[in-house]
């Protein structure tokens with residue numbers, strides 16, 4: 001069952017953004033070995049294990065345009081195969097025999113889990129602030145981006161300031177990436193292609209667009225947000241109403257604007273790395289993947 | 001929520017058998033550092049994370065005499081906090097800065113997850129053999145016992161044959177331990193004290209007592225086993241009927257006998273380690289904890 005379930009997840013595709021970060025970061029520093037491939041795979045496996053557990057926790061039925069593993073095989077199966085994939089990622093990274101790398105990736109994993117827990121406890125809490133949202137994003141998304149880019153410098157034996165620069169690049173890129181992702185979950189009226197919308201809304205997730213929308217809501221709109229998010233009682237038309245309130249208050253544009261700020265910060269950090277084609281490719285990746293829809 | 005949920009699991013007690021194995025194995029080889037404490041904690045955390053996920057998968061409501069975390073906090077919460085505990089165990093073991101140890105423990109983790117999946121896919125399969133059962137036990141239980149004892153030799157920088165001897169001791173001890181545990185799940189009529197009985201039966205787990213009982217069943221008893229295990233349709237009195245069939249066919253005694261064989265193998269392996277008070281303590285631990293009830 002493991003190869004079938006894991007194969008389903010892996011063959012469903014995805015952008016492979018995180019392993020690309022590791023491969024390109026290693027090459028940026030002229031890394032000549034083979035271990036960056038193992039580490040890139042380990043990074044993608046950590047991400048994959050997280051997705052399997054996420055889909056169980058969110059009771060999601062679609063991922064990357066295909067049925068989720070929990071829908072096909074069941075929740076128990078997804079939990080256990082997620083554990084397996086997660087363990088295999090550790091086995092793989094141990095093969096690279098670099099303690100700094102192991103410290104970065106094992107730390108990122110525990111931060112991710114903390115982010116997932118924080119997200120769960122923040123769900124449906126309409127008092128959650130943008131600061132709390134950022135804390136979730138830093139943990140559940142940016143920590144792995146940061147580790148993915150940092151390990152490229154680490155296996156190349158680069159000085160601490162370059163490790164830190166790559167870490168910052170990954171972290172700010174990760175925040176920008178998640179902001180755009182969360183904006184797109186509400187921006188279906190404009191960018192419907194290839195993207196499911198409304199998932200975060202249905203789950204009552206306190207992402208940037210909702211946090212902004214609630215902050216800007218008029219007194220008479222507050223019961224609406226309380227009902228749909230805090231109480232989770234949603235009716236047909238509620239999502240469209242949320243979208244139109246967000247449009248009126250410029251919430252999606254502001255989320256994209258915020259993402260652009262973080263992308264710029266990421267590029268500033270990256271400018272401290274050696275100037276070569278890999279640095280250029282990483283910069284392009286950050287720009288294009290955070291420009292989706294905005 | 002993490003400290004509360006994890007604290008609940010940890011404070012509920014347990015025998016702390018696995019970390020004891022690591023501590024005693026390190027001292028057996030005169031290990032003079034402090035890292036064995038971290039590794040012992042990492043071993044117990046791997047075990048704890050597994051328990052949290054196990055209880056979700058088995059929908060268990062009682063563990064160590066207390067309500068399970070999934071009952072109190074919920075399944076999602078148990079999955080995510082389990083992931084956190086698991087990641088923290090990796091962070092801890094990385095601190096010991098020993099690649100052999102990391103290889104052993106990360107490998108054990110992925111074997112455990114494979115064992116959990118195999119157990120799940122074997123559940124309710126009345127054609128499962130004792131060999132398949134042993135494969136599950138080696139993976140889900142013995143792998144961690146083996147790694148727990150092996151790392152004691154590894155951090156002490158002992159020659160390969162001593163590492164192997166300690167590994168074998170842990171592995172055979174682990175098998176014996178699980179055999180006794182699985183026998184006690186049916187031996188409630190004799191050893192009820194402090195032990196829930198009938199959980200494996202209700203879940204249709206193909207443990208040694210059921211495998212033996214089905215092998216020895218008379219033709220007219222086969223529909224009974226099919227109904228209660230394969231079809232999972234259980235009625236009041238079925239567990240007692242299963243127990244009495246097992247008693248008639250000497251199934252529990254044979255499971256204990258099999259456990260004694262593995263304990264003896266474990267002691268034989270241990271005899272290759274230096275003769276001192278820690279070796280004696282480990283031998284006593286194997287003898288007493290596999291003599292529960294038998």
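Chains as they are written, first to last, in UniProt numbering: chain L, 1 to 294; chain X, 1 to 294.
Glycine included, C-beta positions come from ideal geometry on N, C-alpha and C.
Values in this document were obtained by computation on a predicted structure and should not be read as measured data.
Practice item. Sort out for me which residues DSSP pairs residue 63 of chain L with in a bridge. Key: L:66
Practice item. Specify the secondary structure class of residue 186 of chain X as computed by DSSP and reduced to three states. Key: coil
Review point. Out of curiosity, what's the CA-to-CA distance linking residue 157 of chain X and residue 163 of chain X?
Key: 9 Å
Exercise for review: Could you tell me the distance, in whole angstroms, from the CA atom of residue 236 of chain X to the CA atom of residue 209 of chain X?
Suggested key: 20 Å
Exercise for review: Going by CA-CA distance only, name the one from X:138, X:42 and X:282 that's closest to residue 172 of chain X.
Suggested key: X:138
Check your understanding: Below 8 Å, can you find three or more Cβ-Cβ pairs linking the stretch 47 to 57 of chain X to the stretch 65 to 77 of chain X?
Key -> yes
Check your understanding: The alpha helix (DSSP H) spanning residue 246 of chain X covers which residue range?
Key -> 238 to 248
Review point. Since residue 45 of chain L contacts residue 88 of chain L with CB under 8 Å, what's their CB separation in whole angstroms?
Key: 6 Å
Review point. Is it buried or exposed for residue 129 of chain L, if we count other Cβ within 10 angstroms and need 16 for buried?
Key: exposed
Review point. How big is the Cα-Cα spacing for residue 281 of chain L and residue 185 of chain L?
Key: 27 Å
Check your understanding: Taking any Cβ of chain L, which residues in the stretch 121 to 142 of chain X have a Cβ under 8 Å from it, in chain order?
Key -> 121
Point to revise | chain L residues whose Cβ lies nearer than 7 Å to that of residue 79 of chain X | key: 53, 56, 57 and 79
Exercise for review: Starting from the Cα of residue 19 of chain L, find the closest Cα among L:123, L:113, L:146 and L:136 and give me that residue.
Suggested key: L:146
Exercise for review: Would you verify that the beta carbon of residue 117 of chain X is, or is not, closer than 8 Å to some beta carbon of chain L?
Suggested key: yes
Review point. Would you say residue 69 of chain X faces chain L, with C-beta separation under 8 Å as the test?
Key: no
Exercise for review: Starting from the C-beta of residue 233 of chain L, find all residues in its chain whose C-beta is less than 6 Å away, skip the five residues before and the five after it, and write them out in chain order.
Suggested key: 227
Review point. Quick one: is residue 125 of chain X buried, meaning 16 or more other Cβ sit within 10 Å of its Cβ, or exposed?
Key: exposed
Check your understanding: Hey, is the stretch 174 to 183 of chain X in contact with the stretch 250 to 260 of chain X, meaning 3+ C-beta pairs nearer than 8 Å?
Key -> yes
**Study point:** Burial state of residue 268 of chain L, where buried means 16 or more other Cβ atoms lie within 10 Å
**Key:** exposed
Exercise for review: Flag residue 200 of chain X as yes if its beta-carbon sits less than 8 Å from any beta-carbon of chain L, otherwise no.
Suggested key: no
Point to revise | Where the alpha helix (DSSP H) containing residue 200 of chain L begins and where it ends | key: 199 to 203
Review point. For residue 9 of chain L versus residue 51 of chain L, is the C-beta spacing smaller than 8 Å?
Key: yes
**Study point:** Span separating the alpha-carbon of residue 66 of chain X from that of residue 11 of chain X
**Key:** 10 Å
**Study point:** Buried versus exposed call for residue 192 of chain L [16 or more other C-beta atoms within 10 Å across all chains shown]
**Key:** In this prediction, residue 192 of chain L has a pLDDT of 49, which is less than 50 and means its spatial position is unreliable; nothing more can be read from the coordinates.
Exercise for review: Please check the pair residue 273 of chain X and residue 165 of chain X, which I expect to be a contact at CB under 8 Å, by giving their CB distance rounded to whole angstroms.
Suggested key: 6 Å
Review point. Does the Cβ of residue 1 of chain X have 16 or more other Cβ atoms within 10 Å, making it buried, or fewer, making it exposed?
Key: exposed
Review point. Who are the near neighbours of residue 111 of chain X in its chain, counting only those whose CB is closer than 6 Å to its CB and skipping five residues on each side?
Key: 139 and 143
Review point. Hey, residue 198 of chain L and residue 239 of chain L are a contact pair by Cβ (cut 8 Å); roughly how many whole angstroms apart?
Key: 5 Å
Exercise for review: Report the three-state DSSP secondary structure of residue 223 of chain X (helix, strand or coil).
Suggested key: helix
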